[in-house]
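Enquirer:
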């Protein structure tokens, strides 16, 4: 008996996936960069239906990311089972010049229950870099990660390092070993390393290579012992879509993590891009699943095709239970993050938690205190959720509370402070459509409504065209290909939701995100 799984397995932008299993339950974590709460935890018992449990970073006491650039912050986490704990290890990445005053570097958080609460960060101060991962080897726990080679011979040359770690303190134990610099000659961005057991004994290093774009790939190496020597697979890369070209339906495949199900079969999560008509889509890098078979103790990804497919036939008996699928429609008010549970995964702030500026009240209303302009790295008051699909709509009725001339409120389609689309209304009742591309702000449309009255605003996304609507009238139709994520426009896809700018506040009702 089989069933068909559809890729991507999570709605919206979920890059840099990492997966593990405890008992019959698989746990998945992904990158969130500047968004808080951060590092969403999803769970499944069948690899097909995933439920959002909450976040590993779920309270202000853990982290503050205020003032970071877009696509800085929480990079490439890994989730593992260590004893009776779940452990997530991650890196806070700031600007290279050190100008951001917050704390950067590697940290880990722990929980006995994936729904939380998760511990305060335990910082790992003895090594730099990014993309940390953990491997359990008997009583030992090993930490590996990536860093740029000092005095590199070419741009993008990196190396994978390895050390034992005390996860209770974050202290490294023993020597720091450099074990890998990539499979290809002049390899760039050998990163996202994970070390997993090799069938029959020894270890497999699974590593991304080529950069997280069209040249992305999955490479592997083998060693009998952690200390090495590590030898690359002669068939590297083991998985890539780099040879399909930019017009392929799925591109940029890489950043794999492996997990065994309860019956001994192996699966890999990977990230990939899903272009729209040959152009980058708004959703950015997303999480997909492929089967892995072992032949001569070497992993074969997506056996038979070597490709990530939009549909994957998998056995019914991955585990003995099934999970409940997450809904495709989110009512942003009824599902407001007032406590723990699936709703916590839906709404985030930029650099700060929504509770700092958003207050829910009876009657399905949310009030946002105004913040800085979303084109800055300031204190932004935007209550955002992942754009769930290439075709989706967000709608809300907006009522401003205040008469300051600089006050406006509306809907934001955001990739970063430098790339976003805003549909808003000001205190004079003027509806404004603004687009910011590569940091350049342009006002596209101004349209009059009734000053002081509630205004119904809607943003309807169809692939790379957004229709902006006010009180059921089309105000503007915008080609948003210029803000789509991807180098150099950032590492995470579009988020959408209410925003308030200036001094004062605004009340949003009838807020919905639908596909």
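In my numbering, the protein residues as written are 42 to 556. By construction, the Cβ of each residue, glycine as well, lies at the ideal position given by its N, Cα and C atoms.
Just the C-alpha distance for residue 247 and residue 172, rounded to the nearest angstrom, thanks.
Expert: Taking the straight line from one Cα to the other gives about 12 Å.
Enquirer: For residue 230, tell me which candidate among 433, 236 and 189 has the shortest Cα-Cα distance.
Expert: For residue 230, the nearest C-alpha among the options comes from 189.
Enquirer: Taking just the CA atoms, how far does residue 412 sit from residue 544?
Expert: If you take the alpha carbons of residue 544 and residue 412, they lie about 7 Å apart.
Enquirer: In the DSSP assignment, what residue or residues form a beta bridge with residue 126?
Expert: BP columns for residue 126 point to 123.
Enquirer: Check this for me: beta carbons of residue 168 and residue 185, under 7 Å apart or not?
Expert: No, they are not a contact pair.
Enquirer: Short check: CB of residue 55 to CB of residue 80, under 7 Å?
Expert: No, the Cβ-Cβ distance between residue 55 and residue 80 is not below 7 Å.
Enquirer: Excluding sequence positions up to five away, which residues of its chain have a Cβ less than 8 Å from the Cβ of residue 217?
Expert: Answer for residue 217: 167, 168, 202, 203 and 204, listed in chain order.
Enquirer: What's the gap between the Cα of residue 449 and the Cα of residue 152?
Expert: In a straight line, the C-alpha of residue 449 is about 41 Å away from that of residue 152.
Enquirer: Considering only their Cβ atoms, is the gap separating residue 313 from residue 294 smaller than 7 Å?
Expert: Result yes, Cβ atoms of residue 294 and residue 313 sit closer than 7 Å.
Enquirer: Where are the beta strand (DSSP E) runs, 3 residues long or more, that stay fully inside the region 273-345, in chain order?
Expert: Whole beta strand (DSSP E) segments, 3+ residues: 292-301, 307-314, 327-336 and 339-342.
Enquirer: What residue from 289, 389, 348 and 263 has the CA that sits closest to residue 339's CA?
Expert: Of the candidates 289, 389, 348 and 263, the one whose C-alpha sits nearest the C-alpha of residue 339 is 263.
Enquirer: Mind checking residue 194: buried by the 16 CB within 10 Å criterion, or exposed?
Expert: When all chains shown are included, residue 194 counts as exposed.
Enquirer: Below 8 Å, can you find three or more Cβ-Cβ pairs linking the region 521-530 to the region 422-434?
Expert: As far as the Cβ criterion goes, the region 521-530 does not touch the region 422-434, which means the pair count is below three.
Enquirer: If you check the beta carbons only, do residue 342 and residue 359 fall under 7 Å apart?
Expert: No, Cβ-Cβ distance for residue 342 and residue 359 is not below 7 Å.
Enquirer: For residue 373, which residues from the same chain have a beta carbon less than 6 Å from its beta carbon, with the 5 sequence-adjacent residues on both sides left out?
Expert: The pLDDT assigned to residue 373 is 44, lower than 50, so where the model puts this residue is not dependable, and the model offers no usable value.
Enquirer: Answer yes or no: do residue 462 and residue 547 have a C-beta to C-beta separation smaller than 7 Å?
Expert: Contact: no.
Enquirer: Please list, in chain order, all residues of the same chain as residue 43 whose beta carbon is under 8 Å from its beta carbon, the five residues on each side excluded.
Expert: Only 354, 355, 356 and 357 meet the Cβ criterion.
Enquirer: In angstroms, rounded to a whole number, what distance separates the CA positions of residue 214 and residue 139?
Expert: Between residue 214 and residue 139, the C-alpha separation is close to 27 Å.
Enquirer: Alpha carbon to alpha carbon, how far is residue 287 from residue 400? Give it in angstroms, no decimals.
Expert: Looking at the two C-alpha atoms, the distance is approximately 44 Å.
Enquirer: Nearest to residue 93 by CA position, among 52, 119 and 65, is which residue?
Expert: Ranking the options by Cα distance to residue 93, first place goes to 52.
Enquirer: Closest to residue 254 by CA distance: which of 282, 265 and 300 is it?
Expert: The candidate whose alpha carbon is nearest that of residue 254 is 282.
Enquirer: In chain order, what residues of the same chain lie with their CB nearer than 6 Å to the CB of residue 249, ignoring the 5 residues before and after it?
Expert: Closer than 6 Å at the Cβ level, and outside the excluded window around residue 249, lie 232, 233, 295 and 296.
Enquirer: Can you list, in chain order, the residues of its chain whose CB lies under 6 Å from that of residue 298, leaving out five sequence neighbours each side?
Expert: The residues are 59, 60, 235 and 310.
Enquirer: Compute the Euclidean distance between the alpha carbons of residue 242 and residue 178, then round it to the nearest angstrom.
Expert: Computed Cα separation, rounded: 12 Å.
Enquirer: Apart from the five residues on each side of it in sequence, which residues of its chain come closer than 7 Å, Cβ to Cβ, to residue 367?
Expert: Since pLDDT at residue 367 reaches only 42, below the 50 mark, its modelled position is unreliable, and the value read off the structure follows with that caveat. For residue 367, where only same-chain residues beyond five positions count, the Cβ hits under 7 Å are 91, 92, 93 and 383.
Enquirer: Can you tell me whether residue 304 is buried or exposed? The criterion is at least 16 other CB atoms within 10 Å of its CB, across all chains shown.
Expert: Classification for residue 304: exposed.
Enquirer: Does the beta-carbon of residue 328 have 16 or more other beta-carbons within 10 angstroms, so that it is buried, or is it exposed?
Expert: Burial call: buried.
Enquirer: At 3 residues or longer, and completely inside the region 70-126: list those beta strand (DSSP E) runs for me, N to C.
Expert: Listed in chain order, they are 79-85, 92-98 and 114-123.
Enquirer: To the nearest angstrom, how far is the alpha carbon of residue 504 from that of residue 481?
Expert: Each residue's alpha carbon lies about 23 Å from the other.
Enquirer: Near residue 145, which residues of its chain fall below 6 Å by C-beta distance, leaving aside the five closest residues on each side in sequence?
Expert: Within the same chain, residue 145 has close Cβ partners 133 and 135.
Enquirer: Considering only the alpha carbon of each residue, which of 326, 280 and 211 lies closest to residue 260?
Expert: Looking at the Cα atoms, 280 is the closest of the given residues.
Enquirer: Looking at the structure shown, is residue 395 part of a helix, part of a strand, or coil, going by DSSP?
Expert: Helix.
Enquirer: Which partner residues of residue 442 appear in the DSSP bridge assignment?
Expert: For residue 442, which the question treats as bridged, DSSP gives the partners 546.
Enquirer: Count the other CB atoms within 10 Å of the CB of residue 422; is the residue buried (16 or more) or exposed (fewer)?
Expert: Residue 422 should be labelled buried.
Enquirer: Assess, as a yes-or-no matter, whether the region 526-535 is touched by the region 429-448 under the definition of 3 or more beta carbon pairs within less than 8 Å.
Expert: Result no; under three Cβ-Cβ pairs closer than 8 Å.
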